[in-house]
Ligand code: PEP
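Given below as structure tokens:
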């Protein structure tokens with residue numbers, strides 16, 4: 005499964021002010037001019053909550069999609085100070101939401117993540133569902149156990165998994181400059197796709213991207229993993245140049 009569309013998804017984390025829209029305009033210009041490849045991939049950028057409305061309006065009829073970085077585990081409105089429901093995100097015209105990012109899993113357990121996914125799907129948001137083992141779990145060779153548990157506790161059997169992009173993000177790789185070898189990443193990607201396909205009785209291949217210190221060099225190395233459907237890119241997505249270089253190198 006290599007021939008499907010690839011995803012280059014940028015996670016800005018706690019970064020960006022209104023004028024940061026220039027980063028998106030540069031990326032969008034690159035995309036439009038990249039006529040040779042641009043039918044083969046999609047770009048999604050996840051700015052912080054504060055920029056969602058502005059960016060969703062600016063890029064409504066453009067080629068870049070906007071994603072939320074998270075949502076709250078309650079729907080509609082309520083007395084939950086500082087939180088934003090999937091309903092409120094959807095009403096901004098946003099189509100995607102990241103759920104289960106390891107930086108949020110520090111305070112969110114599997115039950116909370118399950119609830120978020122349920123409500124996001126109810127509101128017709130597409131989900132970028134992050135899973136990944138930490139350093140200790142990797143050392144103890146528990147990677148597959150952890151990944152299976154995260155998937156099974158987050159999802160119900162009756163979900164339409166075409167609305168979910170799995171993002172395999174080893175926690176030890178996020179923001180550290182460390183990445184799995186091509187061999188190890190391929191092994192984990194193949195395992196995950198097979199597991200999801202079997203467990204949810206899919207007659208198609210689920211979408212699965214990789215995240216963790218992706219840069220222009222390792223993106224090219226990982227391009228050889230045909231089962232991989234793209235990348236979730238943190239640090240490097242804050243610079244239009246770094247983000248564009250990843251795409252350029254990937255297709256070089
Ligand atoms: C992320 O935040 O999802 C991520 C992968 O970050 P980084 O690329 O900075 O490791």
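Residue numbers (this note's numbering): 5 to 256. A virtual CB, placed ideally from N, CA and C, is assigned to each residue, including glycine.
- [ ] Would you kindly check if the distance between the Cβ of residue 66 and the Cβ of residue 112 is under 8 Å?
- [x] Reading the chain shown from its first residue, position 108 is the one you call residue 112. Reading the chain shown from its first residue, position 62 is the one you call residue 66. No, they are not a contact pair.
Task: Beta-carbon proximity list for residue 193, same chain, < 8 Å, skipping 5 on both sides - done: By one-based count along the chain shown, residue 193 stands at place 189. Contacts found: 172, 212, 214, 229, 231 and 232.
Task: Extent of the continuous alpha helix (DSSP H) to which residue 19 belongs - done: Against the chain shown, residue 19 aligns to sequence position 15. Here residue 19 belongs to no alpha helix (DSSP H), and DSSP marks it neither H nor E.
Open item on the list: Output needed for residue 3: all residues of its chain with C-beta closer than 6 Å, excluding positions within five of it in sequence on either side, in chain order.
Closed with: With the chain running from 5 to 256 in the structure shown, residue 3 is simply not present.
Task: Top-ranked residue by Cα proximity to residue 185, from 135, 163, 221 and 100 - done: Numbered from 1 along the chain shown, position 181 holds the residue referred to as residue 185. Among 135, 163, 221 and 100, the Cα nearest to that of residue 185 is on 221.
Open item on the list: Is it the case that the stretch 118 to 132 contacts the stretch 99 to 108, given that we only count it when at least three CB pairs across the two stretches are under 8 Å?
Closed with: yes
- [ ] Check the DSSP bridge columns for residue 212 and list the partner residues they point to.
- [x] Taking the chain shown and counting its residues from 1, one reaches residue 212 at position 208. DSSP output for residue 212 lists 170 as bridge partner(s).
Open item on the list: Nearer than 7 Å: is that true of the beta carbon of residue 17 relative to any heavy atom of the ligand PEP?
Closed with: Stepping through the chain shown from its first residue, residue 17 is reached at position 13. It does: the Cβ of residue 17 is within 7 Å (strictly closer) of some heavy atom of the ligand PEP.
TODO: Could you check which residue in 41, 197 and 57 has the C-alpha nearest to that of residue 25?
DONE: Start at 1 with the first residue of the chain shown, and residue 25 comes out as number 21. With distances taken between Cα atoms, residue 25 lies closest to 57.
TODO: Just tell me which of 226, 175 and 22 has its CA closest to the CA of residue 187.
DONE: Sequence index remark: in the chain shown, residue 187 carries index 183 (1-based). Nearest option by C-alpha distance: 226.
Open item on the list: Shorter than 7 Å, the distance from the beta carbon of residue 223 to the closest heavy atom of the ligand PEP, or not?
Closed with: Here residue 223 is taken as the residue at index 219 of the chain shown, counted from 1. False, no ligand heavy atom lies under 7 Å from that Cβ.
- [ ] Any chance you could list the alpha helix (DSSP H) runs of at least 4 consecutive residues sitting entirely within the stretch 125 to 173, in chain order?
- [x] 139 to 143 and 147 to 158
Open item on the list: Measuring straight from C-alpha to C-alpha, what distance separates residue 165 and residue 210?
Closed with: The residue you call residue 165 lines up with position 161 of the chain shown. The residue you call residue 210 lines up with position 206 of the chain shown. The alpha-carbon atoms of residue 165 and residue 210 are separated by roughly 7 Å.
- [ ] Specify the secondary structure class of residue 6 as computed by DSSP and reduced to three states.
- [x] What you label residue 6 is simply residue 2 of the chain shown in a count that begins at 1. In this prediction, residue 6 scores a pLDDT of 47, lower than 50, which makes its location untrustworthy; the coordinate-derived value is nonetheless stated afterwards. Residue 6 falls in the coil class under three-state DSSP.
- [ ] Check each candidate in 61, 23 and 75 and name the one with the smallest Cα separation from residue 108.
- [x] In the chain shown, residue 108 corresponds to position 104, counting from 1. Residue 75 is the option with its Cα nearest to residue 108.
Task: Reduced DSSP category for residue 186 - H, G, I as helix; E, B as strand; rest coil - done: For the purposes of this step, residue 186 is identified with residue 182 of the chain shown, where counting begins at 1. Correct three-state label for residue 186: helix.
Task: Contact the stretch 151 to 162 vs the stretch 135 to 143: 3+ CB pairs below 8 Å - done: yes
Task: Spatially closest choice to residue 9 from 142, 37, 36 and 41, by CA coordinates - done: Translated into the one-based positions of the chain shown, residue 9 becomes position 5. Per the Cα distances, 41.
- [ ] Indicate the three-state DSSP secondary structure (helix, strand or coil) for residue 34 in the structure shown.
- [x] In the chain shown, counting from the first residue as 1, residue 34 sits at position 30. Residue 34 falls in the helix class under three-state DSSP.
Task: Residue environment, residue 6, which counts as buried when at least 16 other CB atoms sit within 10 Å - done: Taking the first residue of the chain shown as 1, we reach residue 6 at position 2. Low local confidence applies: a pLDDT of 47 at residue 6 is under 50, so the model's placement there is unreliable, and no value is given.
- [ ] Taking only the alpha-carbon atoms, compute the straight-line gap between residue 49 and residue 253 and give it to the nearest angstrom.
- [x] For the purposes of this step, residue 49 is identified with residue 45 of the chain shown, where counting begins at 1. For the purposes of this step, residue 253 is identified with residue 249 of the chain shown, where counting begins at 1. Straight-line Cα distance between these residues: approximately 19 Å.
Open item on the list: Are the CB atoms of residue 86 and residue 237 within a distance shorter than 8 Å?
Closed with: As a first step, residue 237 is located in the chain shown; it is residue number 233 there, counting from the start. As a first step, residue 86 is located in the chain shown; it is residue number 82 there, counting from the start. No, the pair does not count as a contact, with Cβ atoms beyond the cut-off.
- [ ] Would you mind giving the Cβ-Cβ distance between residue 224 and residue 256, rounded to the nearest angstrom? I have them listed as a contact below 8 Å.
- [x] Within the chain shown, the letter at position 220 stands for residue 224. Within the chain shown, the letter at position 252 stands for residue 256. Sure, about 7 Å apart at Cβ, within 8 Å.
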